[in-house]
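Peer 1: Take a look at the following structure, please.
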Amino acid sequence: MTAATVTPYRSTHPAGPDRFAQLLRAEWDKFRTVRGWVIGMVVAGLLMLALGLLAVQNSSQCGPANSNSPNPPTLSGAACLPTFPIGPGGQAVTDSFYFVRQPLTGNGSITARVTSFTGVEAQGVPGSNTPGLQQWSKAGIIIKASTKQGSAYAAMTVTGSHGVRMQYDFTQDIAGLSGSVSAAHPRWLRLTRSGDTITGYDSADGTHWTQVGTADLAGLPSTAQAGLFATSPQYGVLTTSFGGGTGNFGPTLATGVFDHVSVSGGKHSGSWTGGTIGSPAGFGPNGQSGEGFQQADRRFTVTGSGDIAPVVTGPGSAEGGTGAIQDHLIGTFAGLIAVIVVATMFITAEYRRGLIRTTLAASPRRGRMLAAKAVVIGLVTFVIGLVAAAIAVLVGDHLSHDQGLYILPVSGLTAVRVVVGTAALLAVGAVLALAVGTILRRSAASVTAVIVGVVFLYILAVVPGVLPSGAGGWLLRLTPAAGFAIQQSSPAYSQVASAYLPPDYYPLAPWAGFAVLCGYAALAMGLAVFLLRRRDA
Amino acid sequence: MISSLPGMEATIEVSGLRKRFGPTLALDGMTFTVSPGRVTGFVGPNGAGKSTTMRVILGLDAADEGSALIGGQRYQTLLHPLSHVGSLLDAGALQPSRKARNHLLWLAHSQGLSARRVDEIIELAGLQSVARRKAGGFSLGMRQRLGIAAAMLGDPPVLMFDEPFNGMDPEGIVWMKGYLRSLAAQGRAVLVSSHLMGELQDTADQLVVVGRGRVIADRSVAELIAAASGDRVMVRTTARTEAMTVLTHAGATVAATGPDTLTVSGLTAQRVVTLLSDGAVPFSEVSAHRATLEEAYMELTRDAVEFRAAAGSAEAAR
Chain A
0 MTAATVTPYR STHPAGPDRF AQLLRAEWDK FRTVRGWVIG MVVAGLLMLA LGLLAVQNSS
60 QCGPANSNSP NPPTLSGAAC LPTFPIGPGG QAVTDSFYFV RQPLTGNGSI TARVTSFTGV
120 EAQGVPGSNT PGLQQWSKAG IIIKASTKQG SAYAAMTVTG SHGVRMQYDF TQDIAGLSGS
180 VSAAHPRWLR LTRSGDTITG YDSADGTHWT QVGTADLAGL PSTAQAGLFA TSPQYGVLTT
240 SFGGGTGNFG PTLATGVFDH VSVSGGKHSG SWTGGTIGSP AGFGPNGQSG EGFQQADRRF
300 TVTGSGDIAP VVTGPGSAEG GTGAIQDHLI GTFAGLIAVI VVATMFITAE YRRGLIRTTL
360 AASPRRGRML AAKAVVIGLV TFVIGLVAAA IAVLVGDHLS HDQGLYILPV SGLTAVRVVV
420 GTAALLAVGA VLALAVGTIL RRSAASVTAV IVGVVFLYIL AVVPGVLPSG AGGWLLRLTP
480 AAGFAIQQSS PAYSQVASAY LPPDYYPLAP WAGFAVLCGY AALAMGLAVF LLRRRDA
Chain B
0 MISSLPGMEA TIEVSGLRKR FGPTLALDGM TFTVSPGRVT GFVGPNGAGK STTMRVILGL
60 DAADEGSALI GGQRYQTLLH PLSHVGSLLD AGALQPSRKA RNHLLWLAHS QGLSARRVDE
120 IIELAGLQSV ARRKAGGFSL GMRQRLGIAA AMLGDPPVLM FDEPFNGMDP EGIVWMKGYL
180 RSLAAQGRAV LVSSHLMGEL QDTADQLVVV GRGRVIADRS VAELIAAASG DRVMVRTTAR
240 TEAMTVLTHA GATVAATGPD TLTVSGLTAQ RVVTLLSDGA VPFSEVSAHR ATLEEAYMEL
300 TRDAVEFRAA AGSAEAAR
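First to last, the sequence lines map onto chains A and B.
Counting in numbering that gives the first Met the number 0, the first sequence runs from 0 upward without gaps.
Counting in numbering that gives the first Met the number 0, the second sequence runs from 0 upward without gaps.
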């Protein structure tokens, strides 16, 4: 027998077209046929859910509203649910202030000069009130759709330490003249209504006016309330320590003195009515409000307490018993740990057993193989993450309500971004783990590297008092932990003083933080493909 | 006509492979060809470069120089490589918690092959009873079978097995030898590596003997044995001294290899018979010495082994 007489054998299974889908299917087969990995992914979802829902606890109790009995029964749970007015933008807002007003029908304007702005803090001990304004204490002029809390408005106001501002509809804030108010340096303020548009002006002398901004208050009724207001948010001193923070909070008052008050144009009554919007703040040792106004000659002295601003969460915020939807996703880091372990094993197990040679012999185009692995592990993680996050947010909202915890409402789009973003965060974390596993080829080293690089840094940055807040902030800007920013559901408002700490607030915008994580994952994948192609298997 | 189509020819062509791992030259100009219809034995001591060569052929390791082609094509350019080359390098390369059938299933799907093909191959390999068991619990012999099933999934014209007899019981070895022969009989090119020549003696048609990263001999089994046998002649005689005198006188080199046997080099058997008869030296047997394949192999690879032993002791001395 010689080679020349042999008919070479030909495969009865000729190669069909080469499709990426075949690689995807093979990698999916690999994933689903190792029970430990499937269980690991389910555990990831359950960990997320369990931690998120266990975190819904509100131990605070409250007395019944409007009870006059000397020993009111103590309430807890849903009965304690605080209620917030909802602003025109759909967000929960604080809308409490003292309002000296008159109806204004049709187009017109209101002008006033502020000659003095002072404040006082209640220290809780009778007679120990200290003078001082909060940085966002406000006094000025306002045009508001109605006296109903949460209704649309536009205001020109002096502030404790941010100069003159034009603010409208709770979330909008435009800077005007800077500096503080005194008799020597009065501030002239003017609001002009034209249809639904209100324009704000300020002036130092009443002659030279500068336009600060315009507010489009869609649907402003023809008769709006125009007048003077004063309000002052509670003070807060927040001390963070390891694992938590303690706050010292109390109500404050602000008093503005106005003259040259005039309402012109349109139809107005000419007589002023004073009253608090929202409930009185209970300032002072005996619970008297201290709010009110006096009119002497053409001078108005208006004293108010409260705030006209969006509600924010977290330590240092004015409102206790509030949370945000991302509070239900606090277990994401735990789920991510399980995801990292499974995603790393997805490649390192092949190296450990030498199975990588079988894989690469079957798929010699190595980059495509790794891409297929990344798609499979990413998609699996995404689906698990999406289900877990959606259940956590929905059930968490319900539980919070029953516990008397107020969850700040967010737009549907924001809720979708937070839930889908959480799933995407987990999926990108999985791809990062896969890439690092490919680079290092060892399970223990890779799992440790990724857990430290993502989860541990996140915990360092998020648990209060572990790191100085500045350092934590940089971790959340520069490291893969930045990706958690995708979970922030409401923005930090510069016009509301609060600590704005993670995990409710992040130094980077949601998508920017997520992009940082994606950058790391892309970098790691690039290096992984490079090494995978270069190295002997 | 068909054989001129690229990828259709069932051959492996290895030429001039050179590869260095740090200070070690693993491959040093490795060159040989595996032809269809024959079992080609790939033998050499451990560390001679057999496994490295096979990994280079499969595109797993990159050679510094030289080329390895499957039917004229580089492995990396094959679309569904398992339909061109089936290989079993390491039977232990399995995810222990994955069931045998699922191992074959992902491999099949990666090549666009169906689950039906998987069940077909499971039956061919006689794995039905264990197909739904976790591969981690398999004996080495079962793993070898599973590995062979994986290699046969794409029904490839070229097959490569690295030390397939390792860990097999005698019954399995007999089965394996028959199986390799049957694959070659179907026209496939079969490359089988072993560090034990005996395993290949009655299996291989062609032997590629390697040492120190290069081919020492590339011959048919018959040629190799003939060469190793040389021109030695075995003589059985009761008159050892007389026989030695006569034969040495005629220019031969004679060695006493037993109480009544001599091994003679430098003379043909016929000449020995003539000389002994002429000298009236009694003898009961004169025969040409036939070397075993093992002997031939030992002789061929002595240098390589010695080199390694020397290198090893130098290493140990440091």
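From the three backbone atoms N, C-alpha and C, an ideal C-beta is built for every residue, glycine too.
Quick one: what's Ala470 of chain A bridged to in DSSP?
Peer 2: By 1-based counting over the first sequence, the position of residue 470 of chain A is 471. Its beta-bridge partners do not exist; DSSP assigns none.
Peer 1: Alpha helix (DSSP H) containing Trp27 of chain A: first to last residue?
Peer 2: Position 28 of the first sequence, counted from the first residue, corresponds to residue 27 of chain A. Trp27 of chain A -> alpha helix (DSSP H) spans 19–31.
Peer 1: Under 8 angstroms, with one C-beta from each stretch per pair, do the region 116–126 of chain B and the region 82–93 of chain B reach the 3-pair mark?
Peer 2: no
Peer 1: What did DSSP end up calling Val129 of chain B once you bin it into helix, strand or coil?
Peer 2: One-based indexing of the second sequence puts residue 129 of chain B at position 130. Note: Val129 of chain B maps to helix in three-state DSSP.
Peer 1: Give the DSSP-derived three-state secondary structure of Asp172 of chain A in the structure shown.
Peer 2: In the first sequence, the residue the question calls residue 172 of chain A occupies position 173. Here Asp172 of chain A sits in strand by DSSP.
Peer 1: Who are the near neighbours of Leu182 of chain B in its chain, counting only those whose CB is closer than 7 angstroms to its CB and skipping five residues on each side?
Peer 2: The residue you call residue 182 of chain B lines up with position 183 of the second sequence. Closer than 7 angstroms at Cβ, skipping near neighbours: Leu158, Val189.
Peer 1: Could you have a look at Ser493 of chain A and say whether DSSP puts it in helix, strand or coil?
Peer 2: Along the first sequence, one-based indexing puts residue 493 of chain A at 494. Here Ser493 of chain A sits in coil by DSSP.
Peer 1: Quick one: grab the DSSP three-state call for Phe83 of chain A.
Peer 2: Indexing the first sequence from 1 puts residue 83 of chain A at position 84. Three-state result, Phe83 of chain A: coil.
Peer 1: What are the uninterrupted segments assigned as alpha helix (DSSP H) that are 4 or more residues long and contained completely in the region 347–381 of chain A, given in chain order?
Peer 2: 354–361
Peer 1: For the candidate residues B:Val271, B:Glu198, B:Ala130, B:Gly197, whose alpha-carbon lies nearest to that of Arg97 of chain B?
Peer 2: The count along the second sequence starts at 1 and reaches residue 97 of chain B at position 98. Relative to Arg97 of chain B, the option among B:Val271, B:Glu198, B:Ala130, B:Gly197 whose CA is nearest is B:Ala130.
Peer 1: For Phe31 of chain B, is the classification buried or exposed, using 16 other Cβ atoms within 10 angstroms of its Cβ as the cut-off for buried?
Peer 2: Looking up residue 31 of chain B in the second sequence gives position 32. Phe31 of chain B should be labelled buried.
Peer 1: Between the Cα of Phe483 of chain A and those of A:Tyr457, A:Ala470, A:Val462, A:Val465, spot the shortest distance and give me the residue it belongs to.
Peer 2: Indexing the first sequence from 1 puts residue 483 of chain A at position 484. Closest in alpha carbon position to Phe483 of chain A, among A:Tyr457, A:Ala470, A:Val462, A:Val465, is A:Tyr457.
Peer 1: Run through the region 238–304 of chain B for me and flag every whole beta strand (DSSP E) of 3 or more residues, listed as ranges in chain order.
Peer 2: Whole beta strand (DSSP E) segments, 3+ residues: 252–257, 260–264, 284–287.
Peer 1: Measure the Cβ-Cβ separation of Ile324 of chain A and Val417 of chain A and say whether it is below 8 angstroms.
Peer 2: Along the first sequence, read from residue 1 onward, the residue named residue 324 of chain A stands at position 325. Along the first sequence, read from residue 1 onward, the residue named residue 417 of chain A stands at position 418. Yes, they are a contact pair.
Peer 1: For a test of the three-state rule: what should DSSP assign to Ala64 of chain A, helix, strand or coil?
Peer 2: Indexing the first sequence from 1 puts residue 64 of chain A at position 65. Here the model assigns Ala64 of chain A a pLDDT of 48, short of 50, so the residue's position is not dependable, and the following value carries that caveat. Note: Ala64 of chain A maps to coil in three-state DSSP.
Peer 1: Identify the contact partners of Pro84 of chain A in chain B, using a Cβ-Cβ distance below 7 angstroms as the criterion.
Peer 2: Residue mapping note: residue 84 of chain A aligns to position 85 of the first sequence, counting from 1. Those within 7 angstroms of Pro84 of chain A in chain B number zero; the least Cβ separation is about 57 angstroms.
Peer 1: Put Met233 of chain B into one of helix, strand or coil per three-state DSSP.
Peer 2: Looking up residue 233 of chain B in the second sequence gives position 234. Looking at Met233 of chain B - three-state DSSP - the assignment turns out to be strand.
Peer 1: Checking contacts by CB at 8 angstroms: is Arg289 of chain B closer than that to chain A?
Peer 2: As a working mapping, residue 289 of chain B is identified with position 290 in the second sequence. Not an interface residue.
Peer 1: Excluding the five sequence neighbours on either side, which residues of its own chain have a C-beta within less than 7 angstroms of the C-beta of Asp27 of chain B, listed in chain order?
Peer 2: Mapped onto the second sequence, residue 27 of chain B falls at position 28. Result list for Asp27 of chain B: Arg17, Arg211, Gly212, Arg213, in chain order.
Peer 1: Any idea what DSSP makes of Glu162 of chain B, helix, strand or coil?
Peer 2: Mapped onto the second sequence, residue 162 of chain B falls at position 163. Three-state result, Glu162 of chain B: coil.
Peer 1: Going residue by residue through the region 34–93 of chain B, where are the continuous beta strand (DSSP E) segments of at least 3 residues, counting only ones entirely within it?
Peer 2: Unbroken beta strand (DSSP E) runs of no fewer than 3 residues, entirely contained in the region 34–93 of chain B, are found at 38–42, 64–69, 84–87, following chain order.
Peer 1: Tell me which residues of the region 423–452 of chain A have at least one Cβ-Cβ distance to chain B shorter than 9 angstroms, keeping chain order.
Peer 2: none
Peer 1: Going along chain B, which residues have a C-beta under 8 angstroms from Asp535 of chain A?
Peer 2: By one-based count along the first sequence, residue 535 of chain A stands at place 536. Near Asp535 of chain A (Cβ distances below 8 angstroms), the residues of chain B are Arg54, Leu59, Asp60, Ala61.
Peer 1: Gln133 of chain A by DSSP, collapsed to three states: which one?
Peer 2: Here residue 133 of chain A is taken as the residue at index 134 of the first sequence, counted from 1. Coil.
Peer 1: Can you tell me whether Glu170 of chain B is helix, strand or coil according to DSSP?
Peer 2: Taking the first residue of the second sequence as 1, we reach residue 170 of chain B at position 171. In this structure, Glu170 of chain B counts as helix in the three-state DSSP scheme.
Peer 1: If you drop the 5 nearest sequence neighbours on each side, which residues of the same chain put their C-beta closer than 7 angstroms to that of Phe19 of chain A?
Peer 2: Numbered from its first residue, the first sequence carries residue 19 of chain A at position 20. Around Phe19 of chain A: Arg367, Ala371.
Peer 1: Beta carbon of Ile307 of chain A, beta carbon of Gly44 of chain A: below 8 angstroms?
Peer 2: Within the first sequence, numbered from 1, the residue matching residue 307 of chain A stands at position 308. Within the first sequence, numbered from 1, the residue matching residue 44 of chain A stands at position 45. In this structure, Gly44 of chain A does not lie closer than 8 angstroms to Ile307 of chain A by Cβ.
Peer 1: Interface residues of chain A around Ala92 of chain B at Cβ under 7 angstroms?
Peer 2: Your numbering for residue 92 of chain B matches position 93 in the second sequence. In chain order: Arg352, Gly353, Leu354, Arg356, Thr357.
Peer 1: At a CB-CB cut-off below 7 angstroms, which residues of chain B make contact with Arg367 of chain A?
Peer 2: Counting from one through the first sequence, the residue named residue 367 of chain A turns up at place 368. Within 7 angstroms Cβ-Cβ: nothing; Arg367 of chain A doesn't reach chain B, min ~11 angstroms.
Peer 1: Using the C-alpha atoms, what's the distance from Ile438 of chain A back to Arg352 of chain A?
Peer 2: Your numbering for residue 352 of chain A matches position 353 in the first sequence. Your numbering for residue 438 of chain A matches position 439 in the first sequence. Cα to Cα, the separation comes out at about 16 angstroms.
Peer 1: Are any of the Cβ atoms in chain A nearer than 8 angstroms to that of Lys176 of chain B?
Peer 2: The count along the second sequence starts at 1 and reaches residue 176 of chain B at position 177. Residue contact check for Lys176 of chain B against chain A: no CB pair falls below 8 angstroms.
Peer 1: Quick check on Thr222 of chain A: does DSSP put it in helix, strand or coil?
Peer 2: Residue numbering aside, residue 222 of chain A sits at position 223 when the first sequence is read from its first letter. Here Thr222 of chain A sits in strand by DSSP.
Peer 1: Using a Cβ-Cβ cut-off of 8 angstroms (strictly less than) and excluding sequence neighbours within five positions of Asp172 of chain A, which residues of its own chain qualify?
Peer 2: Start at 1 with the first residue of the first sequence, and residue 172 of chain A comes out as number 173. If we look at Asp172 of chain A and ignore the five residues flanking it on each side, its Cβ neighbours are Arg164, Met165, Gln166, Tyr492, Ser493, Gln494.
Peer 1: Using a Cβ-Cβ cutoff of less than 8 angstroms, which residues in the same chain neighbour Leu530 of chain A once the five nearest sequence positions on both sides are dropped?
Peer 2: As a first step, residue 530 of chain A is located in the first sequence; it is residue number 531 there, counting from the start. Within the same chain, Leu530 of chain A has close Cβ partners Thr437, Ile438.
Peer 1: Counting only beta-carbon separations shorter than 8 angstroms, does Arg476 of chain A have a partner in chain B?
Peer 2: For this step, residue 476 of chain A is matched to residue 477 along the first sequence. Not one chain B Cβ lies under 8 angstroms of Arg476 of chain A.
Peer 1: Would you list, in sequence order, the uninterrupted beta strand (DSSP E) runs of no fewer than 3 residues that lie entirely inside the region 145–223 of chain A?
Peer 2: 152–158, 163–167, 171–174, 186–193, 196–202, 209–215
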